[in-house]
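What follows is a single structure, written as structure tokens, with notes after it.
What follows is the structure, given as structure tokens:
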């Protein structure tokens, strides 16, 4: 299945094409959310732009991520800040993609509130 390109921007990172856009998250009080999807949909990330430092995470919806065997929908991992609440630039999008695919990264898995999962809950 293809991804609609209407209203989305294109970026190429390491010879791979991605589409990205910022839109209000209807499930979270319409907070602005960055969505990044590779054209083959193996990389699918969502990042709420206005998260506070102590609970910041990225939502992983695709099977490709720096954590081996991640491959499940709606897994959340702690992450650094990408961009600012005022603006997201292609440089910020590139930084998110490179961080998410960097070998050797092992961010902590968190729940929907940004709190660490208990070991028994982590998959």
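Residue numbers (this note's numbering): 105 to 227.
Each residue gets a CB set at the ideal place from its N, CA and C atoms; glycine is no exception.
- request: Have a look at the DSSP bridge pairing and note the partners of residue 142.
  value: Its beta-bridge partners are 122.
- request: Assign residue 200 to one of three DSSP states: helix, strand, or coil.
  value: Helix at residue 200.
- prompt: Which partner residues of residue 213 appear in the DSSP bridge assignment?
  reply: Bridge partners of residue 213: 181.
field: Residue(s) in a DSSP beta bridge with residue 114
entry: Bridge partners of residue 114: 123.
- prompt: Would the region 116-135 and the region 159-178 be scored as touching if the rule is three or more Cβ pairs under 8 Å?
  reply: Fewer than three pairs of CB atoms, one per stretch, sit closer than 8 Å, so the region 116-135 makes no contact with the region 159-178.
- request: Spell out a yes or no on whether the region 164-180 and the region 113-129 are touching, meaning 3 or more CB-CB pairs, one atom from each, closer than 8 Å.
  value: No contact exists between the region 164-180 and the region 113-129.
Contact test: residue 126 Cβ vs the ligand HEM heavy atom, cutoff 7 Å: With respect to the ligand HEM, the structure offers nothing, as it holds no ligand at all.
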